[in-house]
Structure formats: structure tokens, C-alpha cells
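To start, the structure under review is shown below, and the notes come after it.
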Amino acid sequence: MSLKITNSETGGTAIVTLDGRIVLGEEGNALREKLKNLIAGGKKQIVVNMKHITCVDSSGLGTLFAAHLSARAEGASLKLCDVGSKFQEVLQITRLATVFQVCNTEAAAVKSFLH
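Numbering-wise (this note's numbering), the sequence shown opens with residue 13 and increments by one.
As C-alpha cells, this is what we get:
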């Protein structure tokens with residue numbers, strides 16, 4: 013199974029919707045490139061919707077973490093939404109829950125940029 017990446021924009025916030033797996037190889041590379049291009053393109057508000065993610069391996073976590081660091085270095089902000097209970101647990105165990113801002117829904121994530 014591959015990773016399908018859909019990109020849209022709502023009120024100046026880039027929405028990256030993922031469907032599939034974030035794992036070592038093509039999937040992780042595709043996501044890395046997409047997020048890198050958004051940040052390089054000057055996007056300051058990025059939401060990654062993970063509602064349809066079925067699997068995230070350690071490489072996938074690394075990809076998300078690297079994107080978070082790149083965004084911060086450029087004065088941008090990357091937020092995750094719809095992470096699901098399994099991935100939320102992984103974030104807690106790895107202590108990445110303190111690194112990523114996680115919102116319950118895409119709408120809540122977009123709205124959080126307005127404050």
C-alpha cells in the first residue's frame with residue numbers, strides 16, 4: 013500500500029491530507045518532499061490530516077519530526093489532526109506529544125492558527 017497525499021488550502025492554511033502508510037521508502041520520501049516544498053514555498057501554517065493513516069513506522073515519525081523542525085526554522089508551524097488513538101499512544105510513548113501540536117479535527121487545527 014502506498015501513501016496518497018492530497019493538498020488543499022483553507023484561509024491561508026495549507027492542508028495536507030494523508031491516506032495510507034508513512035513508512036521507510038517511497039511513502040516517507042513523498043511526504044518529506046511535499047512538506048519541504050510547502051515550507052520552501054513560504055507556507056507558514058500547515059495542517060497534516062492523518063485521519064486515513066493506517067501505519068506509521070519509526071522512519072515515518074522521523075519524517076514528521078524533521079518537517080516540524082524545518083517548519084520552525086522557517087518561522088512556520090506544522091500541526092497534526094485526526095491522529096487516531098493508536099498514533100496518539102505512539103506520540104505519548106515517544107514523548108513526541110510534547111513536540112507536536114495535535115488537534116482533534118482539521119477545522120480545529122485551522123481555527124487554532126487564528127488565535
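C-beta: ideal position from N, C-alpha, C; glycine also.
Because the structure is a prediction, the values reported are computed rather than measured.
Scanning 54, 82, 93 and 62 for the CA closest to the CA of residue 121 turns up 93. Taking the Cα of residue 57 as reference, the smallest distance to any Cα among 84, 17 and 88 is reached at 88.
DSSP places residue 16 in the strand class (E or B) of the three-state scheme. As DSSP reads the structure, residue 90 sits in a beta bridge with 58. Annotation: residue 100 to residue 49 spans about 26 angstroms, alpha carbon to alpha carbon. Taking 8 angstroms as the cut-off, the beta carbon of residue 68 is found closer than this to the beta carbon of residue 102.
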